[in-house]
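Beneath this line is the structure, given in structure tokens, with notes to follow.
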Amino acid sequence: MTNHSLGEFEELVLLMVAAQHDEAYGVSILENLEEKLNRKVNISAIHVALKRMEDKGFVKSRFGGITEDRGGRRKKFYVITALGKRMLDKQYELRTSIYKKIPKISFG
Amino acid sequence: MYPPKKALTFLRWFCREDCLEEIEGDLTEVFRKEYVHAPRKAKLKYCWRVISYFRPEYIKSFRNHHANTYGMYGSYFKTGWRNLVRNKGYSFINVGGLAMGMTVALLIGLWIYDELSFNKYYANYETIGQVWAGGTDPETSVIEGNVAIQYPVSSVLRNAYQHYFKHVLTAWWITDYTISAGDNKFIKKGEFIDEGVLEMLSLRMLRGTHASLNDPHSIVLSESAAKALFGSDDPMNKTLKIDNRIDVQVTGVYEDIPRNNHFSEVDFFSPWKLWASSNNWIKEAESNWDNRSFNVYVQLQPHTTTDEANAVIHDFYYHNLPNDFIKEAVKYKTFAQIVPMRAWHLYTEFVDGKPVGGGITFIWLFGLVGIFVLLLACINFINLSTARSEKRARETGIRKAIGSVKSQLVGQFLSESFLVVLFAFGLSIMLAVLLLPSFNELADKDIIVPFHSPVFWSGILAFLTITTLLSGLYPAFYLSSFEPARVLKGAIRPGRFAALPRKMLVIVQFSVSVILVIGTLIVYQQIQHARNRPIGYDRQNLISVRMTDPSFRDKYDVVRDELVRTGFVSETAFSDNPLTMAWNNYGGFDWKGKDPNADADFTLCYVSDTYGKAIAWQIVGGRDFDKRLAGDSAAIIVNEAAVKYMNLKDPVGEFVRDARGTKLEIIGVVKDLIMQSPYEPVKQTMFTWNKYASSNIIIRIKDTDRPAEAVAGIEAVFKRIVPTAGFDYQFVDDEYSKKFSQEERIGKLSRIFAVLAIFISGLGLFGLASFVAEQRTKEIGIRKVMGASVLGLVQMLSRDFLLLVVISCFIAVPIAYYFMSRWLEMYQYRVAISGWIFLLTGTGALVITLLTVSVHAVKAALTNPVKSLRSE
């Protein structure tokens, strides 16, 4: 029913959610990503990715308290689910296994 | 430090609610951080980001998910029906009042449709017209004119203007003729007109063709006339005699023309040439530009408009009159125009030479009345529904709490109004069908309900929708605007001004009703005023008989002697026109002391010596004609208006010279005789004794209980002496009464409307009063316990309503006064509007209000307080 694939950008966002365990929300993900990637990221892209992953069951969310600098709006915090973690592990394993098959190449 | 408002509003408008919180919050947070560094850039970026969310995933659904709403409507109608049944009295007032209003609107609508469709039977409706000629009176600078045209006009139009006119038809006036088929005689209306008429009117020929009038001795009959004359026999080629002197042969029969058309009263058409050759004076008028006696009908060429034709013939007279007439034409600024067929019926009054007034006024008037009466009924509905809103408030509250949105509730209440309107419409259609015969009689029409016409039904649909919206829209919005939380707590405390719209509507109702009543009373007064006007002779027991048959010539004395011998008749006289008309106007008179520049225009009546005795006119100076005095053949009797007009101190014995120079001695002065409109001043008139005054005989019958017997006796004499002539008689007082028919019709109709208006308004008030009394039951109970008197309570309950009616009287009186004085201005001889009418109407309205309201007030005040206080 649901598509269990994980896009490249989605994977980045999911990694970030997992990294900032229980403290990840739109803006924090945005800032960290921008810092790591060293490029501008559109916040709407992050929201779309989060929404799609929530639909796929990779993350779940909860609302935090009201803060002043958000115009009275609550933060929506994201946490990675077991399924999400498994997905990350699978991706990691896949990449590592392929990576390990790379012969020693010299670029001398 | 705030994000751009418009962008935020836009976001909130389109974004899904479940995502909005997060998005808005994150956006704001980012915005604030950026704002510190570069405020303008931050704003721009914010806007751009908002737009980037405008994608399918975040746009909310704007569709309401009501997959199947039929069940909902079923439920609306069910609750609506239950409400109607539960409050029977209230439903009766609503449905009954609306039905009455709708019946009136329906009947008026049908009447207006009939009036507007006048003459549309003719296929060439758009292109047919009649020639009208007029000019400006140099003294008064009033533009006047009429459709009486000189004979030569038609031949000039036909030959020199054929580029513009397809048909140019000379015609005589539609009048009665005696048609004899063998020994049977019939009085039939006929029109002598050029042969092109059948084609121009595109009459449907049952026998013969459109060329049937080409034979100079032909006659074409209407279907009903053919049936009356010949029964089931074949009418074709039968010979007939018109007025016992013109022989004709039937060459065609046409389908009867429906009643709402010009020429519909005509029973036969005959060629104009035949009429011209049968009357010497017409033959002489063929090249006479001095005699305006004829009608000229035209049909325009295709692609020619009335305006084009009018532009061309405006100066017709300057181009075509013989030289010796030009000076006169210039003096009077003579001009000609085509009056198009579409103006013939509704625009018969000319102002400044243009057809602008007439029946169309009544279309507007009755149209307005219809709308107002319907409005009154709608107001009842509005008032009763809003007043009773408390009863429905809880329902509204629950529906809203369950999840109805306002638009659904509006739909529900509107469908309830539609239900009521539908019921009322069913009733009103029945009522209309029942009332139509009497309405037709009253309005002098042949209207039927066009049940098979799709136009009618689409009109009805529009009518129902409008009525529903008119009566249901306000209550629907009012009732659906309650706040559920407050309503369900049981606390709807209507504000001080909640009843204000209701009160204003009651004021509107009563203002309209009072205006209608005042109008009716004034119309009635005006008719009575004109009826009671002294007419200068005794119109009772007078019979007027037409004698156009040439066989009457030389038999006047015999007729007279024989009539007197029957014993029914006390006096007879002859005259050239009936008593209720004056046809002949002559100018060119001269007398001592006349202003040489003034027109000298008189009505002239040729009468026999016994005329005065027969009609019992009143001589105020001088004497009547005397047969024994030979000089009296050159004598005249004038009316008082003529004395005033000639400005003579001592008229008797003065001489007047006519246009030929003949000296006429004034031997007597009589009181003004009203021969024409009873609303206008009497024109200066001369009566001259003339042996050939012969086209009418006026017979005074002795006072009798059985006038029919007298008529039979008189008819026998006519039949014996002149067997060839038809007996065409009228009672003078009947003819005189016909002068009032138009006004009486308006009077009767407005009386009915006024009564209905008052009734509907009263009905509404009745409902409101019952509601108020019911609402204040407890209050009344407590007041009674505290010692209030019944009278005091009745006063308390009625005061509010009476105040409203008093206010409406003050509104209605000036409006009614303004319109009625304008209406009265149409009449020269008119009643003065007196204050007591307003007083009477006002008092009447108050009394009616008091009666209506006090029924409930008294009932409420008499109730035992124990009963009213115990409940709950």
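In order, the protein sequences belong to chains A and B. So the first sequence is numbered by this note's numbering: it starts at 48 and just counts up by one. So the second sequence is numbered by this note's numbering: it starts at 392 and just counts up by one. Positions of the beta carbon are idealized from the N, C-alpha and C atoms, including for glycine.
{"Query": "Ordered list of alpha helix (DSSP H) runs contained in the segment 836 to 871 of chain B, each at least 4 residues", "Result": "845 to 870"}
{"Query": "For A:K122, the three-state DSSP class (helix, strand or coil)", "Result": "strand"}
{"Query": "Chain B contacts from the segment 120 to 134 of chain A (Cβ-Cβ distance under 9 Å)", "Result": "R120, R121, K122 and K123"}
{"Query": "C-beta atoms of B:L1147 and B:V641 nearer than 7 Å", "Result": "no"}
{"Query": "6 Å CB neighbourhood of B:N701 in its chain, flanking five on each side removed", "Result": "Q728 and I729"}
{"Query": "Proximity winner among B:P1256, B:F1162 and B:T1232, relative to B:H1247 (alpha-carbon distances)", "Result": "B:F1162"}
{"Query": "Coarse secondary structure for B:I534, derived from DSSP in three states", "Result": "strand"}
{"Query": "Secondary structure of B:F401, DSSP reduced to three states", "Result": "helix"}
{"Query": "Under the three-state DSSP convention, the category B:I1010 falls into", "Result": "strand"}
{"Query": "Reduced DSSP category for B:Q640 - H, G, I as helix; E, B as strand; rest coil", "Result": "strand"}
{"Query": "B:P1098, enclosing beta strand (DSSP E) - first and last residue", "Result": "Looking at the DSSP string, B:P1098 is not in any beta strand (DSSP E); the run it does join, the alpha helix (DSSP H), is P1098 to I1112."}
{"Query": "B:D409 at chain A interface by Cβ criterion, 7 Å", "Result": "no"}
{"Query": "Residue range of the unbroken beta strand (DSSP E) whose run includes B:G1044", "Result": "From DSSP, B:G1044 is part of no beta strand (DSSP E); its letter is neither H nor E."}
{"Query": "Proximal chain B residues relative to A:N89, where beta-carbon distance stays under 8 Å", "Result": "R440 and S443"}
{"Query": "B:H558 - DSSP class collapsed to helix/strand/coil", "Result": "strand"}
{"Query": "Contact set between B:V427 and chain A, taken where Cβ atoms lie within less than 7 Å", "Result": "Result: empty, since nearest Cβ-Cβ is about 11 Å, beyond 7 Å."}
{"Query": "Chain-order list of residues whose beta-carbon lies under 8 Å from that of B:L1241 (same chain, five-residue window excluded)", "Result": "S1189 and L1193"}
{"Query": "B:I540 beta carbon less than 7 Å from that of B:V657", "Result": "no"}
{"Query": "Segments assigned beta strand (DSSP E), at least 3 residues, entirely inside the segment 926 to 972 of chain B", "Result": "933 to 937 and 960 to 966"}
{"Query": "Pair within 7 Å by beta-carbon distance, B:R1091 and B:A973", "Result": "no"}
{"Query": "Partners in chain A for B:R423, counting only beta-carbon separations shorter than 7 Å", "Result": "D116"}
{"Query": "Alpha-carbon to alpha-carbon, B:G979 and B:G1003", "Result": "26 Å"}
{"Query": "Local Cβ density within 10 Å of A:T49, reported as buried at 16 or more and exposed below that", "Result": "Note that A:T49 has pLDDT 47, beneath the 50 cutoff, so the model's placement of it is unreliable and no number is given."}
{"Query": "Burial state of B:R1051, where buried means 16 or more other Cβ atoms lie within 10 Å", "Result": "exposed"}
{"Query": "When B:D1125, B:T1115 and B:V1249 are compared against B:K1175, the one with the closest alpha-carbon", "Result": "B:V1249"}
{"Query": "Residues that B:N774 bridges to, as DSSP identifies them", "Result": "None; B:N774 has no bridge partner."}
{"Query": "CB-CB length for B:A1026 against B:E1045, believed under 8 Å", "Result": "Rounded, the Cβ-Cβ distance is 11 Å, inconsistent with contact."}
{"Query": "Neighbour flag for A:G112 against chain B, beta carbons, 7 Å", "Result": "no"}
{"Query": "Three-state secondary structure assigned by DSSP to B:M493", "Result": "helix"}
{"Query": "Alpha carbon of B:N1038 to alpha carbon of B:I1010, nearest angstrom", "Result": "19 Å"}
{"Query": "Bridge partners - B:E566, DSSP secondary structure assignment", "Result": "It is worth fixing the name first, because residue 566 of chain B is Thr in this sequence and not Glu. Answer is B:G581, bridged to B:T566."}
{"Query": "N- and C-terminal bounds of the alpha helix (DSSP H) containing B:K894", "Result": "L891 to R922"}
{"Query": "Reduced DSSP secondary structure (H/G/I, E/B, other) of A:M48", "Result": "Unreliable placement is indicated for A:M48, whose pLDDT of 39 sits below 50; no coordinate value is reported for it."}
{"Query": "Cross-strand partners of A:A71 (DSSP beta bridge)", "Result": "A:Y125"}
{"Query": "Three-way DSSP call (helix, strand, coil) for B:R1223 in this model", "Result": "What sits at residue 1223 of chain B in the sequence shown is Ala, not Arg. Correct three-state label for B:A1223: coil."}
{"Query": "Limits of the beta strand (DSSP E) - the one that B:R1091 falls within", "Result": "N1087 to I1092"}
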